Amino acid sequence: MSENPQEPAEQAAGTGQSGGAGSCCGVSGCCGDTEQSLDPAVTVIEAKTSAGCGCVNEQDGAADLPVVVIGAGPVGLAAAAHLAERGQDFLVLEAGNAPGAAISQWGHVRLFSPWRYDTDAAARRLLEPTGWALPAPDALPTGAELVRDYLAPLARVPELARRIRTGTRVVAVARRGVDVTRTVGRDQQPLLVRTVGPDGAVTDLTARAVIDASGTWGRSNPLGHSGLSAPGEDQAAAYLTGPLPDVLGRDRDRFAGKHTLVVGMGHSAANTLLALAELAKTAPGTRITWAVRSASVARLYGGGDADGLPARGALGIRLRAAVEGGEIELVRSFTITGFTSPNAGPATGPVNVVGVTPDGERVIEADAVVAATGFRPDLDMLREVRVELDPATEAPVRLAPMIDPNFHSCGTVPPHGERDLTHPETGFYLVGMKSYGRAPTFLMATGYEQVRSVVAALAGDRAAADAVELDLPETGVCSTNLIAEDQLPGASAGVSAGDGCGTSCGTEPAETPAAVTAGGSCCGGSAPEPVTIGIGAPAGLGFATGSVHGHSGDSERGDN
């Protein structure tokens, strides 16, 4: 069969098509991205099959196409491990130069969860025959150690190594040959993944399914109020850092002897504040201001010695001591309304961060501003696929009620699987942190269970896909009711939507440990006494802890 639409009709007729020039096999633009059926009553696949077109199996047989996984972080590689175990064809696309590239950017941060909770069961089954062994189960790895001792070896196992493409950024997902408005025959076309390679070359790949595990790292929430950037925030970009700068390492010169403003009330903020306090001991002139919208920071101070994760409890204890000891100036109830920065940037002076407080307007001069305000998903790349997202959380509509931060903390998210992650676009799934949209209630354990269920469904194992379970240690929660003892005298607290548990969390039972995605994680396993929540759990309910969870409980805790 000829693929040249300019060839004479009589040559095309030999392939089973009796149309004119520019057509073959009952379609126009045969075997290209613009082909359309000549008969509107039948789909492209039906027309080509009926005509005996030789390229049907070659290009349109979905069963012969790979599953494309976007992202080679913990959840993306877990998806790859499950696909490999089930003998599925797949391809992993990673924008960074190596697997775990995002985690490497906060490699200096130590996780709250010990190694026993930081790996995936299917991944371990692939690793163990290579001689790999789980590091000391009770040790707390840094992000760099998580990559070096787990993700990098996993990416090298023969079943995965040749299927991972690094330096390959996905810029769009679509249906081949049709835009998002086209319905007729849509599901008969494969998914199309547009990529940009290390050399800038654009390549379109076809897939029978796409698992988007690209996460939310690099898409920080703005510093302004109401979910919007503050006026002048873009112009102040030279003063802004990511949520987890390496204060005591590669970024030391940016902070030593200078005034840093840290904005945010998650554990990412806490890690940075304590690193700055440590830096100030050896770098004279180093000053630290911590600004939060809330009137109380007790949720970040946490349960102290009573915290189920000792490392997390110790973080809160140290932070509170640093604030009360005057090492860190805490500015509560501070809402940023604007930035004023010198035209020539940091070389000519500090940025003025303007905000309102109960006492009126306040201006904070800072040499650097750490934006530890959480993340949101990149949805621009999904404009040509039919995703169905909750308008509040930007999570899949069936998942959204289970993770809504107004009613849930990390430990109260119930188990969920493939059926909860489906979209109108057949074969497309958001998983991992990105599936939670703007909700900060993510558990890495749920990410692993998500991809196990999704891969089972793609492999045709409906029973396994629906048998969703999640084992959480009893202390897998991230909110506290320790509000009264931290309340400012006479203050009426206000809590912003961004003052939840922070970034991602990680818990998993000992027999199938899970990875934590950020040093700002708010949850994790500690006591090896898992509580299993299965498919019989009441709808919308996770593990009941007896504590009020989510922003809806703020008023009961005296936090609103």
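In this note's numbering, the protein residues as written are -13 to 546. Idealized CB from N, CA, C, for every residue including glycine. All values reported here derive from a predicted model rather than from experimental measurement.
Nearest-angstrom beta carbon gap, residue j and residue i [assumed within contact, 8 angstroms]
i, j, result
"methionine 419", "threonine 258", "So it is not a contact: roughly 20 angstroms between Cβ atoms."
"proline 121", "aspartate 106", "Between aspartate 106 and proline 121 the Cβ distance is about 15 angstroms, and since that is not below 8 angstroms, they are no contact."
"valine 157", "valine 182", "6 angstroms"
"threonine 167", "leucine 177", "Actually they are not in contact, since the Cβ atoms of threonine 167 and leucine 177 sit about 16 angstroms apart, beyond 8 angstroms."
"alanine 216", "glycine 324", "5 angstroms"
"valine 196", "valine 179", "6 angstroms"
"valine 283", "leucine 316", "7 angstroms"
"threonine 412", "isoleucine 350", "Not a contact, Cβ separation roughly 51 angstroms."
"glycine 360", "glycine 210", "Contact flag wrong, Cβ pair sits at about 13 angstroms."
"glutamate 435", "proline 401", "6 angstroms"
"arginine 151", "valine 78", "7 angstroms"
"arginine 348", "phenylalanine 320", "7 angstroms"
"isoleucine 389", "alanine 352", "Isoleucine 389 to alanine 352, Cβ: 34 angstroms. No contact."
"leucine 305", "alanine 256", "5 angstroms"
"phenylalanine 241", "alanine 354", "6 angstroms"
"valine 55", "alanine 66", "6 angstroms"
"tyrosine 415", "alanine 381", "Contact flag wrong, Cβ pair sits at about 12 angstroms."
"alanine 125", "glycine 93", "With a Cβ gap of about 16 angstroms, alanine 125 and glycine 93 do not count as contacting."
"proline 60", "phenylalanine 76", "Rounded, the Cβ-Cβ distance is 16 angstroms, inconsistent with contact."
Opposing strand residues paired with residue i [DSSP bridges]
i, result
"leucine 177", "Arg161, Ala193"
"arginine 273", "His245"
"alanine 354", "Thr246"
"leucine 206", "Here the sequence assigns serine to residue 206, which means leucine is not the residue at that position. Per DSSP, Phe361."
"aspartate 198", "Ile56, Leu416"
"isoleucine 322", "Gly341"
"arginine 172", "Arginine 172 is not bridged to any residue."
"arginine 96", "Thr128"
"threonine 227", "Val356"
"arginine 151", "Leu79"
"valine 399", "In DSSP, valine 399 forms no bridge with anything."
"valine 166", "None; valine 166 has no bridge partner."
"valine 188", "Val182"
"valine 156", "Thr181"
Enclosing alpha helix (DSSP H) for residue i [first to last residue]
i, result
"glutamate 71", "60 to 71"
"isoleucine 89", "87 to 90"
"glutamate 380", "Taken as a continuous stretch (DSSP letters only), glutamate 380 belongs to no alpha helix (DSSP H), as it is neither H nor E."
"leucine 549", "Any question about residue 549 goes unanswered here, given that the chain covers just -13 to 546."
"alanine 261", "253 to 266"
"leucine 444", "430 to 444"
"leucine 368", "Here leucine 368 belongs to no alpha helix (DSSP H), and DSSP marks it neither H nor E."
"leucine 140", "138 to 142"
"proline 387", "386 to 389"
"leucine 113", "107 to 113"
"alanine 216", "Neither: alanine 216 is in no alpha helix (DSSP H) and is coded neither H nor E."
"arginine 448", "448 to 452"
Burial state of residue i, where buried means 16 or more other Cβ atoms lie within 10 Å
i, result
"valine 441", "buried"
"alanine 477", "The predicted position of alanine 477 is uncertain, since its pLDDT is 34 and thus under 50; no value can be drawn from it."
"alanine 119", "exposed"
"proline 336", "buried"
"cysteine 491", "Because the pLDDT of cysteine 491 is 38, which lies under 50, any placement of that residue in the model is unreliable, and the question is left without a value."
"glutamate 219", "buried"
"alanine 64", "buried"
"glutamate 313", "buried"
"aspartate 485", "Bear in mind that the predicted position of aspartate 485 carries a pLDDT of just 35, short of 50, making it too unreliable to give a figure here."
"leucine 214", "exposed"
"asparagine 207", "buried"
"alanine 141", "buried"
"proline 123", "exposed"
"valine 164", "buried"
"valine 481", "In this prediction, valine 481 scores a pLDDT of 31, lower than 50, which makes its location untrustworthy; the coordinate-derived value is nonetheless stated afterwards. Result: buried."
"lysine 244", "buried"
"glutamate 404", "buried"
"alanine 449", "exposed"
"glycine 549", "As displayed, the chain neither begins before -13 nor continues past 546, which places residue 549 out of reach and without an answer."
"valine 188", "exposed"
"leucine 385", "buried"
"proline 229", "buried"
N-terminal and C-terminal residue of the beta strand (DSSP E) that residue i is part of
i, result
"leucine 51", "From DSSP, leucine 51 is part of no beta strand (DSSP E); its letter is neither H nor E."
"glutamate 411", "No beta strand (DSSP E) holds glutamate 411; DSSP gives it neither H nor E."
"glutamate 315", "315 to 317"
"valine 78", "76 to 79"
C-beta neighbour in chain C for residue i, strict 9 angstroms
i, result
"arginine 240", "Annotation note: the requested chain C is absent from the structure, which comprises a single protein chain."
Any chance you could list the beta strand (DSSP E) runs of at least 3 consecutive residues sitting entirely within the region 324 to 351, in chain order? 337 to 343
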